[in-house]
Amino acid sequence: MYKYYRIMYLLICSTLLAPLLYNVLFEIELNRRATGSFSSTLLYKQGSAIEKDVTQDTKNLIFLNNKSIRKEFKQFNPFPDCSLSLSINFTKPDPIIYNSLPICNFSTSNENSSFYEVPIIFKLYPFSTIEEHHGADIHVGGHWFPKTCRAEQRLAIIVPYRNRESHLKLFLDIMHPFLKKQELDYTIFVINQHGDEEFNRAALFNVGYIEAMKLYSFDCFIFHDVDLFPEDLRNLYKCGGTPIHL
């Protein structure tokens, strides 16, 4: 008799608990599906936002370790055949060694004026060839400084730029040997303006100044047009007590 009641008790409990258990499992499944659907939607939206941000950022930067971003950048790169990189490591001379060197003294007293003539050859080379000509001793970040003497000033040359490739190639090919012969501690900053808006030369100068000061303690700035070239080495690229027109 006891066994009979026990079976009946289990049967009643099973009958009552089965629908309840089903409802619980059903709610769990609904929650799981809802959560899964929400996560996918959220991830998709986040991915779209990230893709948009990356597209915007790569208008101005190259990340060499990310092929997909580098591919995206090609749409905006104004210098497609030169090796560009984003580097936070701007090479600076060792202060102890550099300060122990004698001050550079570029002489302008040679009576033979032809000695100071700057050869200007109107031949356009690819950016890669220009790098081969002048880049061997230029340090990371585009910084050059003499090895046997110490320049009196730290020079930043700010060049506003947009769609002037032929002028820029000539400018770089002429300016690097010119500045090295004057034994200057220098960096050339080419500030490119994207888009079709009106060219804002003054704003590019401001941007160049701000960004240059983040890299190095420059104490001399020359704001230079890309289509102007010096013809005489005695035209010294340095700052005095008052502004001058080079």
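Taking our numbering, the leading residue of the sequence shown gets 906, the next gets one more, and so forth.
Backbone N, C-alpha and C fix where the C-beta goes; we use that ideal spot for every residue, glycine too.
As the structure is a computational prediction, the values presented were derived from the model and not from experiment.
- For Leu1029 against Ser1071, the beta-carbon gap comes to about 6 angstroms, under 8 angstroms, which counts as contact.
- Shown here, Leu1120 sits in a helix according to DSSP, grouped into three states.
- Per DSSP, reduced to three states, the secondary structure at Ile1008 is strand.
- The residue among Met1080, Glu1022, Phe1027, Pro1007 with its C-alpha nearest the C-alpha of Glu1036 is Met1080.
- The three-state reading of DSSP puts Leu1138 in coil, since its state is none of H, G, I, E or B.
- Collapsing the DSSP output to three states places Val1064 in a strand.
- Proximity of the stretch 1012 to 1023 to the stretch 1044 to 1061 falls short of the contact definition, fewer than three beta-carbon pairs being nearer than 8 angstroms.
- Judged by DSSP secondary structure, Phe1128 falls within the beta strand (DSSP E) whose first and last residues are 1125 to 1128.
- Judged by DSSP secondary structure, Thr1034 falls within the alpha helix (DSSP H) whose first and last residues are 1032 to 1039.
- A Cβ-Cβ separation of about 16 angstroms leaves Glu1136 out of contact with Phe1011 under the 8 angstroms criterion.
- Residue Thr1092 holds the alpha-carbon nearest to the alpha-carbon of Cys1125 among Lys1086, Thr1092, Pro1051, Ile1025.
- In the structure shown, Glu1088 adopts coil according to DSSP, grouped into three states.
- Exclusion of the five residues before and after Arg1106 leaves Pro1065 as the residues of its chain whose Cβ lies within less than 8 angstroms of its Cβ.
- Closest option to Ala1056, judged by alpha-carbon separation, among Gly1145, Leu1141, Asp1090, Ser1033: Asp1090.
- Within the same chain, Cβ atoms closer than 6 angstroms to the Cβ of Phe1076 are found at Val1131, the five residues on either side in sequence being excluded.
- Under the DSSP definition of a beta bridge, Val1095 partners with Val1064.
- Secondary-structure assignment with DSSP links His1081 through no beta bridge to anything.
- Put simply, of Cys1009, Leu1073, Arg1067 the residue whose alpha carbon is nearest the alpha carbon of Cys1054 is Cys1009.
- Around the C-beta of Gly1113, 16 or more other C-beta atoms lie within 10 Å, and the residue is accordingly described as buried.
- Minimum Cα-Cα distance from Asp1078 among the listed residues Asp1042, Ile1026, His1044 corresponds to Ile1026.
- With respect to the 9 angstroms criterion, Lys997 and His1038 are not classified as neighbours on the basis of their beta carbons.
- Under the three-state reduction of DSSP output, Arg1106 falls in the helix class.
- Exposed is the label assigned to His1099, since fewer than 16 other Cβ atoms lie within 10 Å of its Cβ.
- Lys1074 is classed as buried because its beta carbon has at least 16 other beta carbons within 10 Å across all chains shown.
- Nearest in C-alpha terms to Phe1094, of all of Glu1103, Lys1086, Phe1104, Phe1123, is Phe1123.
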